[in-house]
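First comes the structure, then the notes that go with it.
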Amino acid sequence: MNEGDHDVVVIGGGQAGLAVAYYLRRAGIDFLMLDAEDRPGGAWLHAWDSLHLFSPATYSSLPGWPMPPSRSDGFPSRDEVIDYLTRYEQRYAFPIERSCHVETVERDPERLCLQLRNGRTFTARAVVSATGTWSAPYIPDHPGRELFRGGQLHSAEYRSPIPFAGKRVLVVGGGNSGAQILAEVSALAETVWVTLKDPVFLPDDVDGRVLFERASARVRGDFDQASTTTLGDIVMVPPVKEARDRGVLKSVRPFLRFTIDGVLWADGTETHVDAVLWCTGFRPATGHLRSLGVVGPDGRIEVVDQRAVEEPRLWLQGYGNWTGAASATLIGAGRTARELAPRIKAALQMPASFI
Ligand code: FAD
């Protein structure tokens, strides 16, 4: 049974979904949000205990209501971000249904039909998918991985270094997750850091503010301001600086294959390993859109101005630069949502464009 028909349904109630909700409300558009979590916070609910933003609160705000400064003087903690998202959602009293995982989106001549895991059904004239990446962790293929009897954990599930104390741990991945997790695990365990190439460490005075400005400049085509840094380059947050001082920020190139209890290197030597921590990134969480036949093998969808080329009733928000400059950050989500809402409004006023 169809439980509700709306002009727009937003799938995902994390920072990207909230930013869209703010501008849909301002544009006077009827909408409903559906979120798989049972409470506000999106991916931040699953982040590890010590994770902090790498920008100050003033650079991490959603539209309308700025994030309060961090109580700890430094950059906001995971719990402060969750608190901010919770209070932001309450402040605007957005129409949101929780514990609602959208399983599939299907075409109807007039509408898109959303089928939920809990059996509920909704329809909409347009759908904004803002489901982030956290629920689609990526682990590269390494020969023999199925043979390895030690523990394996993706950064999506990692919470703290305590379970790894006294063990030998392989940390795989050369981005910010890899560097930050290596930094804290190496204080309690013996670690080997495996990266595809030498990691790029940013200067100590470059934080998320600078990265955001450079990413935006690159998308604008302003290459003088853009420099060659990317949002994946390593920000020297305090735990990473401290790990550098301990001399553990050295990485090696990937092993040849797994063995039963470790890994085999190109020079023929073997290392015994108790656990592997995969800090190898994420893919767009777009499984619910596969039923529309628009999702590529890497989870991406071809878009122009955040609108799916193959399904003009579908809009994408917050996944990365391909859905708008720095759109996977708090501040970038607001900027891209501000452009998205008038586009959706214009499309809703032209019924022919939805056929
Ligand atoms: P999410 O927060 O993942 O929200 C998506 C929501 O959609 C979730 O609630 C999810 O449950 C729900 N959902 C998913 N699939 C479905 C479905 N099928 N049906 C219904 N609901 C669904 N960002 C910053 O701005 N500043 C930083 O300093 C920063 N530091 C970071 C450091 C690290 C190490 C990492 C890994 C990320 C960092 N980020 C930072 C990025 C940030 O964590 C994410 O990019 C952000 O959470 C993405 O927001 P989102 O709303 O797009 O997705």
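Numbering (this note's numbering), first residue to last: -4 to 350.
Yeah, the Cβ is synthetic: ideal placement off N, Cα and C, and Gly gets one too.
Linking Gly276 to Pro135 through their CA atoms gives a straight-line distance of about 9 Å.
At a Cβ-Cβ threshold of 7 Å, Leu142 and Phe253 count as neighbours. Cβ-Cβ separation between Ala14 and Leu80: approximately 11 Å, too far for a contact (criterion under 8 Å). DSSP places Phe159 in the helix class (H, G or I) of the three-state scheme. Rounded to the nearest angstrom, the gap between the Cα atoms of Arg115 and Ile77 is 27 Å.
Assigned with DSSP and collapsed to three states, Arg241 falls in coil, not helix or strand. Where Gly327 is concerned, there is no enclosing beta strand (DSSP E), although the alpha helix (DSSP H) around it starts and stops at 325 to 343. Secondary structure note for Ser124: it is in no alpha helix (DSSP H), and the uninterrupted beta strand (DSSP E) holding it is 116 to 124. By the criterion of at least three beta-carbon pairs nearer than 8 Å, the segment 123 to 131 is in contact with the segment 305 to 319.
Judged by the Cβ position, Ser94 fails to qualify as a neighbour of ligand 1 at the 6 Å threshold, every heavy atom of the ligand being at least this far. Remark: the C-beta of Asp33 is outside contact range of ligand 1, defined as less than 6 Å to any heavy atom. Here the C-alpha atom of Phe196 lies approximately 22 Å from the C-alpha atom of Pro156. In the structure shown, the three-state DSSP call for Ile296 is strand. Judged by DSSP secondary structure, Glu(-2) falls within the beta strand (DSSP E) whose first and last residues are -3 to 6. Counting C-beta atoms within 10 angstroms of its own C-beta, Trp60 has fewer than 16 neighbours from the protein chains shown and is therefore classed as exposed. Bounds of the beta strand (DSSP E) holding Arg102 are 97 to 102. Around the Cβ of Ala38, a 10 Å sphere holds 16 or more other Cβ atoms; the residue is buried. The C-alpha of Gly319 lies about 11 Å from the C-alpha of Ala11. When C-alpha distances from Glu75 are compared across Pro90, Tyr87, Ser55, Met231, the shortest belongs to Ser55. For Ile229, the Cβ stays outside the 6 Å cut-off from all heavy atoms of ligand 1. If you look at Gln312, you'll find it isn't in any beta strand (DSSP E); DSSP assigns it neither H nor E.
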